[in-house]
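As structure tokens, the structure follows; a few thoughts come after it.
2 protein chains.
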Amino acid sequence: MSANAKWLNKVKWDEHGLVPVIAQEVGSNDVLMFAWMNREALQKTVELGEAVYWSRSRKKLWHKGEESGHTQKVHEIRLDCDEDVVLLKVEQTGGIACHTGRHSCFFQKFDGGAGGEWQATEPVLKDPESIYK
Amino acid sequence: MSANAKWLNKVKWDEHGLVPVIAQEVGSNDVLMFAWMNREALQKTVELGEAVYWSRSRKKLWHKGEESGHTQKVHEIRLDCDEDVVLLKVEQTGGIACHTGRHSCFFQKFDGGAGGEWQATEPVLKDPESIYK
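Chains A and B supply the protein sequences, listed in that same order. Throughout the first sequence, residue numbering follows the working numbering, covering 7 to 139 in sequence. Throughout the second sequence, residue numbering follows the working numbering, covering 7 to 139 in sequence.
Set out below in structure tokens:
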């Protein structure tokens, strides 16, 4: 599969050569996480059938689960109307997408009472210490 | 509600003062769209109980549905583990989130056959011409 493939050119990469990516769980439809991909990451995701992101903090490709084992098997890849956001439908190994050991990264819920605050709601399924040795 | 509220300070706004936002439909859990918010947009979303985004192209607040009538009633607001992405759970008026007249903006599906291509899959529920007069 060529890095100059037409389907890769259709994606509108931003000024940093990146595109935002939403990972959604097949079946439950839960939104698991949000990350970024560059051209190579999207190409590798397709080739591997597993999510490969671009880590902006580490400035390198990040094969999700490479350390934790919590890989994401890709069932479907979608592009939005403006062609600048990608949606992955994935099967989440271990049922844990978040580095905190939770199912989803979106575990802080807004509570509008008393001026407003964010409250952690989802259970930690596995101690992060035991995930990342 | 103060613009200096602690809950607004908890969000890690990017270098442009924005945060990525995913809108997900209550019930179906379908991912409807992706957009951006600045501080004022998130504050107004909470005050109004309807999604207000920041339009990067028009450089102004965008009360979703202000033209189309396809507003989004906000049921829940979540923040991710890194506090730099927001997830809205919304009730989508008219069942149409996309400006193309489709339910969701993520209607282009990757087809890996023959070198790869994106194929439009979801039906147009309403002619955009009749949505935007």
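Where a beta carbon is used, it is the ideal one built from N, C-alpha and C, also for glycine. Bear in mind the structure is a predicted one, so any value in this text is a computation, not a measurement.
Subject >> the region 77–95 of chain B: positions lying closer than 9 Å to chain A by Cβ >> reply: Listed in sequence order: E82, I83, R84, L85, D86, C87, D88, E89, D90, V91, V92, L93.
Subject >> For B/Y138 and B/W68, the rounded distance between their alpha carbons >> reply: Taking the straight line from one Cα to the other gives about 15 Å.
Original post:
Name the residues in the region 16–50 of chain A whose C-beta lies less than 8 Å from a C-beta of chain B; which are they?
Top reply: Within the region 16–50 of chain A, the residues whose Cβ lies closer than 8 Å to some Cβ of chain B are K16, P26, I28, Q30, S34, N35, D36, V37, M39, F40, listed in chain order.
**OP:** Show which residues of chain A have a CB atom less than 9 Å away from the CB atom of B/E72.
**Re:** In chain order: nothing, as chain A lies at least about 18 Å away.
Original post:
Which chain A residues sit within Cβ distance under 7 Å of B/A11?
Top reply: For the C-beta of B/A11, the chain A residues within less than 7 Å are, from N- to C-terminus, G121, G122.
Original post:
Alpha carbon to alpha carbon, how far is B/E56 from B/G75?
Top reply: Within the model, the alpha-carbon separation for B/E56 versus B/G75 is close to 12 Å.
**OP:** Measure from the alpha carbon of A/C104 to the alpha carbon of each residue in A/E21, A/N15, A/L38, A/A11, then state which is nearest.
**Re:** Closest option to A/C104, Cα to Cα, is A/L38.
Subject >> chain A contacts made by the region 95–119 of chain B, where a contact means CB separation under 8 Å >> reply: Taking 8 Å as the Cβ-Cβ cut-off against chain A, the residues of the region 95–119 of chain B that qualify are C104, H105, T106, R108, C111, F112, F113, Q114, K115, F116, G118.
Subject >> Cutoff 6 Å; reference B/Q114; Cβ partners in own chain excluding five residues on either side >> reply: Once the five neighbours on either side are set aside, the close Cβ partners of B/Q114 are W124, A126.
**OP:** Rounded to whole angstroms, what's the CA-CA distance from B/T99 to B/L54? Just pull it up for me.
**Re:** A direct Cα-to-Cα measurement between B/T99 and B/L54 gives close to 15 Å.
Original post:
Which residues of chain B have a Cβ atom closer than 9 Å to the Cβ of A/V52, listed in chain order?
Top reply: Here the neighbours are F116, G118, G122.
Original post:
Taking C-alpha atoms, which residue in B/G122, B/V58, B/K95, B/E128 lies nearest to A/V17?
Top reply: Closest by alpha carbon: B/G122.
**OP:** Pull up the distance between the alpha-carbon of B/V27 and that of B/R62, whole angstroms please.
**Re:** Approximately 13 Å between the Cα atoms of the pair.
Original post:
What number of angstroms, rounded off, separates the C-alpha of B/D86 from the C-alpha of B/V92?
Top reply: Rounded to the nearest angstrom, the gap between the Cα atoms of B/D86 and B/V92 is 7 Å.
Original post:
By how many angstroms is the C-alpha of A/A41 removed from the C-alpha of B/H22?
Top reply: Between the alpha carbons of B/H22 and A/A41 lies a distance of about 18 Å.
**OP:** Let me know the secondary structure DSSP gives A/A29 once reduced to three states.
**Re:** In this structure, A/A29 counts as strand in the three-state DSSP scheme.
Original post:
Just checking my contact of A/V32 with A/E97 at CB under 8 Å: how many whole Å lie between their CB atoms?
Top reply: Rounded, the Cβ-Cβ distance is 5 Å, consistent with contact.
Original post:
Using the rule of at least 16 other Cβ atoms within 10 Å of the residue's Cβ for burial, across every protein chain shown, is B/A29 buried or exposed?
Top reply: With a threshold of 16 other beta carbon atoms within 10 Å, B/A29 meets it and is buried.
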